[in-house]
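*Asks:* First the structure, which I've put down as structure tokens, then a few questions once you've had a look.
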Amino acid sequence: MQRITITIDDDLLETVDALAARKGYPTRSEAVRDLIRSATSRDAATGSGRPCVAVLGYVYDHHTRALAQRITDTFHDHHELAVSSMHVHLDRGSCLEVAVLAGPTTAVHELADAVTAQRGVRYGNLHVLPGLHGSHRVRKRHVPRTAHPHD
Ligand code: NI
């Protein structure tokens with residue numbers, strides 16, 4: 195561990211302190227370390243073929259024709275990356291899905307893009323945890339993705 199001194203303007207420091215208080219970080223240092231980890235993990239993950247575990251979340255329009263089927267097909271086409279998923283019927287027209295993916299980082303990004311780029315998919319977000327392949331915590335099993343339950 196090294197100690198560094200950084201210069202930061204008052205407004206930004208207030209933001210850091212507010213964030214630290216809201217999230218319960220014990221010190222500014224811990225808050226800043228986590229912010230840096232978060233920023234660099236995104237950079238390191240881009241374009242990398244190294245293994246990762248990732249969480250993909252998105253909302254989609256239940257009424258967009260054949261969209262649920264297209265999303266299911268996309269995951270089946272990349273079943274080796276799909277660990278598990280959860281479907282929540284948010285309201286009459288919106289579905290929230292959260293998928294845990296594991297595999298080469300580039301392939302995981304491509305699968306996430308293939309899902310979130312579809313028309314009718316909103317708020318797509320991929321959270322990549324680089325350097326983790328989940329060899330013991332997240333084991334690849336055959337988890338059949340159930341057909342959309344309210345079709
Ligand atoms: Ni639904």
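Its first residue numbered 195, the sequence shown is counted upward by one per residue in the working numbering. Ideal Cβ placement from N, Cα and C applies to all residues, glycine included.
1. Please enumerate, following chain order, all residues with a beta carbon closer than 5 Å to at least one heavy atom belonging to the ligand NI.
2. Within the segment 260-335, note down every full beta strand (DSSP E) run reaching 3 residues or more, in order along the chain.
3. Which class does residue 203 belong to by DSSP, given the choice of helix, strand or coil?
4. Taking buried to mean at least 16 other C-beta atoms within 10 Å of its own C-beta, is residue 265 buried or exposed?
5. Under 6 Å Cβ to Cβ from residue 268, same chain only, skipping five residues before and after it: list those, please.
6. Out of 312, 321, 228, which has the shortest C-alpha to C-alpha gap to residue 262?
7. Rounded to a whole number of angstroms, what is the C-alpha to C-alpha distance between residue 277 and residue 206?
8. Short of 6 Å in beta carbon distance, which residues of its chain neighbour residue 253, apart from the five on each side in sequence? Order them along the chain.
9. Work out the CA separation of residue 245 and residue 299 for me, nearest whole Å.
10. Under the DSSP definition of a beta bridge, which residues are partnered with residue 248?
*Replies:* Short version:
1. 283, 289
2. 276-283, 288-298, 315-324
3. The count along the sequence shown starts at 1 and reaches residue 203 at position 9. Coil.
4. Taking the sequence shown and counting its residues from 1, the one referred to as residue 265 is at position 71. By the 10 Å Cβ count, residue 265 comes out buried.
5. As a working mapping, residue 268 is identified with position 74 in the sequence shown. Taken in chain order, the residues that qualify are 308, 309.
6. Here the question's residue 262 lines up with position 68 in the sequence shown. Nearest C-alpha to residue 262: 312.
7. The residue labelled residue 277 in the question sits at position 83 within the sequence shown. The residue labelled residue 206 in the question sits at position 12 within the sequence shown. Their backbone Cα atoms lie some 39 Å apart in a straight line.
8. Translated into positions along the sequence shown, residue 253 becomes position 59. So the list reads 288, 290, 316, 317, once near-sequence residues are dropped.
9. Translated into positions along the sequence shown, residue 299 becomes position 105. Translated into positions along the sequence shown, residue 245 becomes position 51. Distance between the alpha carbons of residue 299 and residue 245: 6 Å.
10. Here residue 248 is taken as the residue at index 54 of the sequence shown, counted from 1. DSSP output for residue 248 lists 295, 322 as bridge partner(s).
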